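Novice: Take a look at the following structure, please.
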Amino acid sequence: MLGYITAEGRGAGDVLLADIADTLRAQGLSLAGAVQVNRDTDPALKCDMDLHILSGKDVIRISQNLGTLSSGCRLDPAGLEQAVGLVTAALDHAPSLLIVNKYGKQEIDGRGFRPVIGEALMRDIPVLLSVNAGNEAAFLDFAGELAQRVPATRDGILSWVSTQAMAA
């Protein structure tokens, strides 16, 4: 019930999960969660990072502009927590699947979407998320035997979702 992908290339997991979410919604599957869409701005600046909330039309900016010379983390924790709140509330509508854009540093530290992932699993809602290779060990420490690596391909993910939807 806890599937994860590890996609090659910067932002590849974001693009793949957004495409999968669009496909599943078009098929009528009830979704909760968030997918990340990065929007390029000025070439001298880093992209804007937005979370599209799958249970509605909300778009939450999770990046902050720290200036061109900044090397610190651009994540806006307040934006992330706003998105987490919206996604948590969507679990009350018994979605068929929770999609989380990524298991990242916030989740490793016990924050971000980590509590929502646990809540969904307790409610027997399958979870699909992206994990970059650098965070995979920490994710597996959290997920244990529940984690199932899913091929990071459109067909592989849709096959896994189909299996989970039938089991739920």
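The sequence shown begins at 976 in the working numbering and counts up one residue at a time. Every residue, glycine too, gets a C-beta built ideally from N, C-alpha and C. These numbers come from a predicted model, not from an experiment.
Specify the secondary structure class of G1054 as computed by DSSP and reduced to three states.
Specialist: Start at 1 with the first residue of the sequence shown, and residue 1054 comes out as number 79. Of the three classes helix, strand and coil, the one that applies to G1054 here is helix, per DSSP.
Novice: Would you kindly check if the distance between the Cβ of R1129 and the Cβ of D994 is under 8 Å?
Specialist: For the purposes of this step, residue 994 is identified with residue 19 of the sequence shown, where counting begins at 1. For the purposes of this step, residue 1129 is identified with residue 154 of the sequence shown, where counting begins at 1. Against a cut-off of 8 Å, the Cβ pair of R1129 and D994 comes out as a contact.
Novice: Grab the span of the alpha helix (DSSP H) containing D989 for me, first residue to last.
Specialist: Here the question's residue 989 lines up with position 14 in the sequence shown. Segment 987-1001, the alpha helix (DSSP H) holding D989.
Novice: Helix, strand or coil, according to DSSP, for D1033 in the structure here?
Specialist: One-based indexing of the sequence shown puts residue 1033 at position 58. In the structure shown, D1033 sits in coil (DSSP, three-state: anything other than H, G, I, E or B).
Novice: Name the two residues that bound the continuous beta strand (DSSP E) containing D1025.
Specialist: Position 50 of the sequence shown holds residue 1025. That run of the beta strand (DSSP E) goes 1023-1028.
Novice: I'd like to know whether the C-beta atoms of V1125 and G1119 end up nearer to each other than 8 Å.
Specialist: For the purposes of this step, residue 1125 is identified with residue 150 of the sequence shown, where counting begins at 1. For the purposes of this step, residue 1119 is identified with residue 144 of the sequence shown, where counting begins at 1. Not closer than 8 Å, so no.
Novice: Using DSSP with H/G/I as helix, E/B as strand and the rest coil, what is L1096?
Specialist: Your numbering for residue 1096 matches position 121 in the sequence shown. Three-state DSSP puts L1096 in a helix.
Novice: Do you know how far the Cα of G1109 is from the Cα of A1122?
Specialist: On the sequence shown, residue 1122 is found 147 positions in, with the first residue counted as 1. On the sequence shown, residue 1109 is found 134 positions in, with the first residue counted as 1. If you take the alpha carbons of A1122 and G1109, they lie about 16 Å apart.
Novice: Quick one: grab the DSSP three-state call for R1089.
Specialist: Translated into the one-based positions of the sequence shown, residue 1089 becomes position 114. Reduced to three states, the DSSP call for R1089 is helix.
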